[in-house]
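The numbering of the sequence shown is UniProt numbering, which starts it at 1 and goes up by one.
By construction, the Cβ of each residue, glycine as well, lies at the ideal position given by its N, Cα and C atoms.
What you are looking at is a predicted structure, and each value in this text was computed from that prediction instead of being measured.
As structure tokens, the structure follows; a few thoughts come after it.
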Amino acid sequence: MPRNSRGELVDSINSKLPSIKQLQCFLVVAQELNFRRAAERLRMTQPPLTRQIKSLEDALGRELFTRNTHEVRLTEAGTKLVEKATHLIEEFTNFIREINKEQSHLRIGLTRTLSFENIPQVNNKIKQLISDEEIDIQNQTSSQLLQSLSKGQMDMVIIGEMSLHSEQDFSFHWIYREPLLLAMPSSHPASLQEKVALADIADLPLFWFPRNANPVYYDKCEEYFQHLPFTLKRVKEPDDSLVLLSSIARGKGMTLMPRSMCTFNQQGLCYRTLTEEAAQSLNIDVYVATRKNEKRQLVIKGVQSLTGREPD
């Protein structure tokens, strides 16, 4: 390498250059022109996002946004950086894909909210996708799975319900609807019924969870609850599922559970199917998610195998 080229390289390394993270944060803010929405998309709070933008502006010596109480706008320098940052990140992303192009297996994430071994129509498709030697599966929460997907640590993830504020970052493909069952005390008179309506068991409180644990699923159920002709009493759900089910067995309440997870048996506990009217609203839609504009044939064929149709 010529001396002057080596010297220029050392100078560039020693200079204060923007980080990829700063550029990613900048592009999301530039798209949203709203720091709150941008922070939600990036799954971070506003203060660290603001610090990333401030550090980027300091490194460039230019303001990238003008802000007031009503709006956020790109400055002239910010508008120029959008094109440059987009190009740089695309180039870096292509480089990562290029050095990993020898990857011959799919990295799949599965939500731990469901037990796919008890959902044959989905589990069989996963098994048929590729051989056991070529599959890398991780079980995490849907939120953790989407974070891993966005970082390139997974190729596709199977989650319960679409995530809010993520459609610009991911593509979602519906594959299955998981019914919910009522976990209830076997001593309750309604346990003698084949199908149970919430009205039949409204004398018991519903063990329930905070909205931030799964906003889409929470809102889907709450919308149904709000139309009931009675008030459904709710109590905080224990963190430990065994503690929850033991409490139900002692007659302390009831809960809604994915059918595939209703495998724990205990004296005093039973599972019952919801009435058809309730089951139409109380369920979990299962999706396979990929990164937006995914072009790798390995992933595209994987989505097609799971859904039985061409990806959107």
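Work out the CA separation of residue 39 and residue 66 for me, nearest whole Å. Rounded to the nearest angstrom, the two C-alpha atoms are 18 Å apart.
Going by other Cβ atoms of all chains shown within 10 Å of its Cβ, with 16 needed for buried, is residue 278 buried or exposed? Around the beta-carbon of residue 278, 16 or more other beta-carbon atoms lie within 10 Å, marking it buried.
Rounded separation between residue 77 and residue 30 - CA only: In this structure, the alpha-carbon of residue 77 lies about 12 Å from that of residue 30.
So what does residue 178 bridge to, in DSSP terms? For residue 178, which the question treats as bridged, DSSP gives the partners 284.
Give the single residue among 25, 46, 207 whose Cα lies nearest to the Cα of residue 57. Checking every option, the nearest Cα to that of residue 57 belongs to 25.
Kindly indicate which three-state DSSP category residue 9 falls into: helix, strand or coil? With a pLDDT of 42 at residue 9, under the threshold of 50, the modelled position of this residue cannot be trusted; read the value that follows with caution. Residue 9 falls in the helix class under three-state DSSP.
Quick one: give me the first and last residue of the beta strand (DSSP E) that residue 158 is part of. Residue 158 -> beta strand (DSSP E) spans 156 to 160.
Three-way DSSP call (helix, strand, coil) for residue 236 in this model: If DSSP states are grouped into helix, strand and coil, residue 236 belongs with the strands.
So, with DSSP's three-state summary, where would you put residue 163? If DSSP states are grouped into helix, strand and coil, residue 163 belongs with coil.
Under 8 Å Cβ to Cβ from residue 96, same chain only, skipping five residues before and after it: list those, please. Result list for residue 96: 152, in chain order.
How do the segment 213 to 223 and the segment 238 to 246 stand: do at least 3 beta-carbon pairs fall below 8 Å, yes or no? With a cut-off of 8 Å on Cβ pairs, the segment 213 to 223 is not in contact with the segment 238 to 246, counting fewer than three such pairs.
Using the Cα positions of residue 294 and residue 230, report the straight-line distance between them to the nearest angstrom. Each residue's Cα considered, the two are about 47 Å apart.
Since residue 66 sits in a beta bridge, which residues does DSSP pair it with? Answer by DSSP bridge pairing, in chain order: 73.
Close beta carbons around residue 216, own chain, < 8 Å, minus the five adjacent residues each side: Annotation for residue 216: 161, 162, 163, 164 place their beta carbon closer than 8 Å to its own, counting only its chain and skipping 5 residues before and after.
I need the DSSP call for residue 119, collapsed to helix, strand or coil. Taken through DSSP and simplified to helix, strand or coil, residue 119 comes out as coil.
Given 8 Å, three or more beta-carbon pairs between the segment 118 to 125 and the segment 81 to 89: Counting Cβ pairs under 8 Å, fewer than three are found: no touch.
Measuring only the C-alpha atoms, how far is residue 284 from residue 62? If I take the Cα positions, the gap works out to 47 Å.
Indicate whether residue 255 and residue 206 have their beta-carbon atoms separated by less than 8 Å. With contacts defined by Cβ atoms closer than 8 Å, residue 255 and residue 206 form a contacting pair.
Is DSSP giving residue 299 helix, strand or coil here? Of the three classes helix, strand and coil, the one that applies to residue 299 here is helix, per DSSP.
Can you look up residue 52 in the DSSP assignment and give me helix, strand or coil? Correct three-state label for residue 52: helix.
Would you kindly check if the distance between the Cβ of residue 108 and the Cβ of residue 154 is under 8 Å? Closer than 8 Å, so yes.
Using CA coordinates, which residue listed in 298, 194, 212 is at the minimum distance from residue 142? Per the Cα distances, 212.
Tell me whether residue 270 sits in a helix, a strand or coil according to DSSP, three-state version. Three-state DSSP puts residue 270 in a strand.
Which residue's Cα is closest to the Cα of residue 139: 157, 128, 150, 129? Ranked by Cα distance from residue 139, the options 157, 128, 150, 129 are led by 157.
What is the residue span of the alpha helix (DSSP H) that residue 248 lies within? It spans 241 to 249 - the alpha helix (DSSP H) in which residue 248 sits, taken as one unbroken run.
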